[in-house]
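>
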Amino acid sequence: MKKILILTEKPSVARKFAEYVFKQFKEKRFGKARYYIAARQGQVYYIVSCVGHLYTLAPAAQSFPLLDYKWVPVYQAERRKAYTRIYLELLKKLSKEVDEVLVATDYDIEGELIAYNVLEYCLKKPAKRLVFSEITPRALKKAMENPQGLNFGYIYAGIARHVLDWLFGINFSRLLQREFGIKRLSAGRVQTPVLRLIYERELEIARFVPEKYYKVRLYSKYITVDHEKTFKDKKSAEQLAACGASEAEVLDSVQQELVQPPPPFCLSTLQAEAWRIFRLNPAKTLRVAQKLYEQGYISYPRTSSEKYPKDIDFREILAGLARLEKYRKTIQRILSSPLAPKEGEKVDPAHPCIYPTGQVPKKLSRREAMVYHLVVRRFLATLLPPVKVARHKIRIRCGQLLFVDERLEVLESGWLEVYPVRLGKQYRPLPSRFSCRLKIIEAKTKPPPRYTPAALVKLMEQLGLGTKATRAEIIEKLYKRGYIKGRRAKITSLGKQVIEFLLCKYPKIASVELTREFEKRIEEIEKGGKEMLEKIIREYKELIKSLLD
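Counting in the numbering used here, the sequence shown runs from 144 upward without gaps.
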């Protein structure tokens, strides 16, 4: 009888596999680790969890710069990861019994590397990959029916990321710790260029000299609107205002248009909306979304796709969501017409967009509820009709002056019914004539704003810094290190000292271009295989050596 080990990334996913794929299973304990045994089609299955990375990098020799490394069990390198030891011992024990491994870690670079290291250093068995984007009975059973080969492009890309991040991080972090005498300090291949961006924005703000300007504002009990012209001197504004009058005449032109639904969420848009609506920072949003995924309530969150999977069953998902009373009427409306989901342009080869699976949670924490219902509402919005609006271009003639304003009137709410956002200034009917007064307004130009965490994620995405899975974590690390503070990221005195030291002594490590170049090389590794991996690691070792020499 063939014995197969199913390797998951988290204990909760191992449990789901046992429940969803097998009719009957036994729960076993090995110390504090739980695993499951089941039978199917004449084969025995062991469902075991990894609890994240079980192997990490460590110095192979104590020298400086540190350029030689080895993979070791994570509990040997990090005391706080002692709990992983029992899981590794369980896998070693089962490796003597099983014939084959089915990899069921997250299907991304990190998940593939987690599994590869366990296969390479512990199990040493032939393996196949189970590909799925949601943890539901239908998705897991389908994955079991269609196992694939391991993605060595992901594996080599994962090795490259870990090795090069480790080489940059350990060498420049130790250098900072020696220079400043503070153990918590760190530098990194992505972390440092992002700190530089925040530092440069702080310099822009410090150097900014506000300038006064003047404008003419029309006041009435119906509307307040500014003239399009601004002036550097008050006299010119007064001369313009003198051309006005105490009565205004309104000319209103109307154009009807349709506002299409927003596309489904990818990770960065989910993080941006969670920040905009709830002020939930990107790292917390990702953690919550990952937990919802592992519980089977939403699809895989670490995606850059705005496309639904081709085999998605919208009606099945809607039937599940209809158990939530607050969405029942909306779902009935959706199902009363042919389904025409709105999708975006972004594509991810590994995973589709983020969507609810139709499995309804019984109990959620406050944050989980925020993120879950945000995903549900966005999903429903993509299935609702466009919003029909009347766009009013209002021209107000006051003496010789013309004031122009634009207002929106919602005629048919469409997707706004479930996903309310402000599309523009709200229209209110105006009389054809009304009395008004003009006033000179003095204002000052404003410096560029500091970045919010969500704005930093967006900027990193635009500049090609980090990955969809790591950007939020990098920003969080800058806060934890004490380099930045506040809801809008302000560089601290420590952060300023660190980046100025690195820019003075080792400017290349703070270079956005170097990091962007690295991301391009990662793509080469995904396509070029092991030889390309070894070549690029050699090149970056030489670079680090030359920088530190």
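Virtual Cβ for every residue (Gly too), placed ideally from N, Cα, C.
Taking the beta carbon of Tyr-226 as the centre, do at least 16 other beta carbons fall within 10 Å, making it buried, or is it exposed?
On the sequence shown, position 83 is the one that residue 226 refers to. By the 10 Å Cβ count, Tyr-226 comes out exposed.
> When burial is assigned at 16 or more other CB atoms within 10 Å of the CB, is Thr-595 buried or exposed?
Walking along the sequence shown from the start, residue 595 turns up at place 452. Buried.
> Looking only at its chain, what residues have a beta carbon closer than 6 Å to the beta carbon of Ile-229, apart from the 5 residues adjacent to it on each side?
Within the sequence shown, the letter at position 86 stands for residue 229. Result list for Ile-229: Gly-174, Lys-175 and Ala-176, in chain order.
> Counting only runs that start and end within the stretch 217-261, where is the alpha helix (DSSP H) found for 4 or more residues in a row?
Fully enclosed alpha helix (DSSP H) runs of 4 or longer: 217-220, 228-238 and 252-261.
> Any contact between the stretch 562-579 and the stretch 517-530? By contact I mean 3 or more CB pairs, one from each, below 8 Å.
Result yes; three or more Cβ-Cβ pairs closer than 8 Å.
> Grab me the residues of Val-156's own chain with a C-beta within less than 8 Å of its C-beta, minus the 5 sequence neighbours each way, in chain order.
Within the sequence shown, residue 156 is the residue found at index 13, counting from 1. Cβ neighbours of Val-156 beyond the five flanking positions: Ser-192, Ala-247, Ile-278 and Glu-437.
> Using 8 Å as the Cβ pair cut-off and three pairs as the minimum, do the stretch 328-336 and the stretch 235-246 touch?
No, they do not touch.
> Once you ignore the five residues that flank Leu-210 on each side, which residues in its own chain have a CB closer than 6 Å to its CB?
Here residue 210 corresponds to residue number 67 of the sequence shown, with the count starting at 1. Cβ neighbours of Leu-210 beyond the five flanking positions: Lys-684.
> Taking the straight line between their C-alpha atoms, what separation do you get for Arg-576 and Phe-546?
Within the sequence shown, the letter at position 433 stands for residue 576. Within the sequence shown, the letter at position 403 stands for residue 546. Arg-576 and Phe-546: Cα-Cα distance of roughly 14 Å.
> Which of the three DSSP states, helix, strand or coil, is assigned to Ala-181?
The residue you call residue 181 lines up with position 38 of the sequence shown. Looking at Ala-181 - three-state DSSP - the assignment turns out to be strand.
> Spatial neighbours of Lys-611 within its chain, please: C-beta separation below 8 Å, excluding the five flanking residues on both sides.
Position 468 of the sequence shown, counting from 1, holds the residue named residue 611. So the list reads Cys-409, Leu-410, Ser-411, Arg-445, Thr-446, Ser-447 and Glu-604, once near-sequence residues are dropped.
> When you compare only the Cα positions, how much space is there between Lys-623 and Ile-617?
In the sequence shown, counting from the first residue as 1, residue 623 sits at position 480. In the sequence shown, counting from the first residue as 1, residue 617 sits at position 474. So the two alpha carbons sit approximately 10 Å from each other.
> Could you tell me whether the Cβ atoms of Thr-588 and Glu-354 are closer together than 9 Å?
Mapped onto the sequence shown, residue 588 falls at position 445. Mapped onto the sequence shown, residue 354 falls at position 211. Yes, these two residues count as a Cβ contact at 9 Å.
> For Asp-242, count the other beta carbons within 10 Å of its own beta carbon; 16 or more makes it buried, fewer makes it exposed. Which is it?
On the sequence shown, position 99 is the one that residue 242 refers to. By the neighbour-count rule (16 or more Cβ atoms within 10 Å), Asp-242 is not buried but exposed.
> Do Leu-338 and Gly-638 have their C-beta atoms within less than 9 Å of each other?
The sequence position of residue 338 within the sequence shown is 195, counting from 1. The sequence position of residue 638 within the sequence shown is 495, counting from 1. Taking 9 Å as the Cβ cut-off, Leu-338 and Gly-638 qualify as a contacting pair.
> I'd like to know whether the C-beta atoms of Ala-201 and Tyr-218 end up nearer to each other than 9 Å.
For the purposes of this step, residue 201 is identified with residue 58 of the sequence shown, where counting begins at 1. For the purposes of this step, residue 218 is identified with residue 75 of the sequence shown, where counting begins at 1. Not closer than 9 Å, so no.
> Would the stretch 637-656 and the stretch 456-468 be scored as touching if the rule is three or more Cβ pairs under 8 Å?
Taking 8 Å as the limit for Cβ pairs, the verdict is that the stretch 456-468 does not touch the stretch 637-656.
> Please look up how many angstroms separate the CB atoms of Pro-590 and Glu-347, rounded, as I've assumed it's under 8 Å.
On the sequence shown, residue 590 is found 447 positions in, with the first residue counted as 1. On the sequence shown, residue 347 is found 204 positions in, with the first residue counted as 1. Confirmed, about 7 Å.
> Leu-273: which of Lys-506, Thr-199 and Lys-285 sits nearest, CA to CA?
Counting from one through the sequence shown, the residue named residue 273 turns up at place 130. The shortest C-alpha separation from Leu-273 is found at Lys-285.
> Output the residue ranges of the beta strand (DSSP E) runs that lie fully inside the stretch 260-287 and measure 3 residues or longer, sorted by chain position.
Counting whole runs of 3 or more residues, the stretch 260-287 contains the beta strand (DSSP E) stretches 270-272.
> Going by alpha carbons, who is nearest to Phe-165 out of Lys-145, Lys-171, Thr-151 and Ile-190?
Position 22 of the sequence shown holds residue 165. The candidate whose alpha carbon is nearest that of Phe-165 is Ile-190.
> Could you work out which residue in Tyr-443, Glu-392, Pro-405 and Gln-569 is closest to Leu-116 when comparing CA atoms only?
Nothing can be reported for residue 116: it is not among the residues displayed for the chain, which extend from 144 to 692.
> Using 8 Å as the cut-off, can you tell me whether the stretch 567-582 makes contact with the stretch 380-394, which would need three or more C-beta pairs spanning the two stretches below that distance?
Because the criterion of three Cβ pairs below 8 Å is met, the stretch 567-582 and the stretch 380-394 touch.
> For the alpha helix (DSSP H) that Lys-673 lies in, which residues bound it at each end?
Position 530 of the sequence shown, counting from 1, holds the residue named residue 673. 655-691 is the extent of the alpha helix (DSSP H) around Lys-673.
> So, with DSSP's three-state summary, where would you put Glu-701?
Residue numbering for the chain in the displayed model covers 144 to 692; residue 701 lies beyond these limits and cannot be assessed.
> Drop a sphere of 10 angstroms on the beta-carbon of Gly-324, count the other beta-carbons inside from all chains shown, and report buried for 16 or more, exposed for fewer.
The residue given as residue 324 occupies position 181 in the sequence shown. That one is exposed.
> Report the residue from Asp-308, Gln-543, Gly-557 and Arg-510 whose alpha carbon sits nearest the alpha carbon of Lys-532.
As a working mapping, residue 532 is identified with position 389 in the sequence shown. According to the sequence provided, residue 532 is Val. The question's Lys does not apply to it. The option with the nearest alpha carbon to Val-532 is Gly-557.
> What did DSSP end up calling Tyr-299 once you bin it into helix, strand or coil?
To locate residue 299, count along the sequence shown from 1; it is residue 156. The answer is helix: DSSP assigns Tyr-299 an H, G or I state.
> When the Cα of Gln-291 is compared with those of Pro-269, Arg-281 and Gly-312, which residue comes out closest?
Position 148 of the sequence shown, counted from the first residue, corresponds to residue 291. Ranking the options by Cα distance to Gln-291, first place goes to Pro-269.
> Below 8 Å on the Cβ atoms is my contact criterion, and I expect Leu-197 with Leu-231 to pass it. Report the Cβ-Cβ distance as a whole number of Å.
Indexing the sequence shown from 1 puts residue 197 at position 54. Indexing the sequence shown from 1 puts residue 231 at position 88. At roughly 5 Å, the Cβ-Cβ gap stays under 8 Å, so Leu-197 and Leu-231 are in contact.
> Taking all protein chains shown into account, decide if Gln-414 is buried (16 or more other Cβ within 10 angstroms of its Cβ) or exposed.
Position 271 of the sequence shown, counted from the start, is the residue given in the question as residue 414. Gln-414 is buried by the Cβ-count criterion.
> Could you check the C-alpha separation between Thr-613 and Glu-555 for me, to the nearest Å?
For the purposes of this step, residue 613 is taken as the residue at position 470 of the sequence shown. For the purposes of this step, residue 555 is taken as the residue at position 412 of the sequence shown. Spanning the two alpha carbons is a distance of roughly 40 Å.
> Could you check whether the stretch 294-313 touches the stretch 671-690, counting it as contact only if at least three pairs of C-beta atoms, one from each stretch, sit closer than 8 Å?
The stretch 294-313, when compared against the stretch 671-690, does touch it at the 8 Å Cβ threshold.
> Please check the pair Glu-255 and Tyr-297, which I expect to be a contact at CB under 8 Å, by giving their CB distance rounded to whole angstroms.
Sequence index remark: in the sequence shown, residue 255 carries index 112 (1-based). Sequence index remark: in the sequence shown, residue 297 carries index 154 (1-based). That belief holds up - the Cβ atoms of Glu-255 and Tyr-297 are roughly 4 Å apart, short of 8 Å.
> Residue range of the beta strand (DSSP E) that Ala-632 falls in?
Mapped onto the sequence shown, residue 632 falls at position 489. No beta strand (DSSP E) contains Ala-632, which DSSP labels as neither H nor E.
> Once the 5 residues before and after Val-431 are set aside, which same chain residues still bring their CB inside 7 Å of it?
Within the sequence shown, the letter at position 288 stands for residue 431. Here the set comprises Arg-510, Glu-511 and Val-514.
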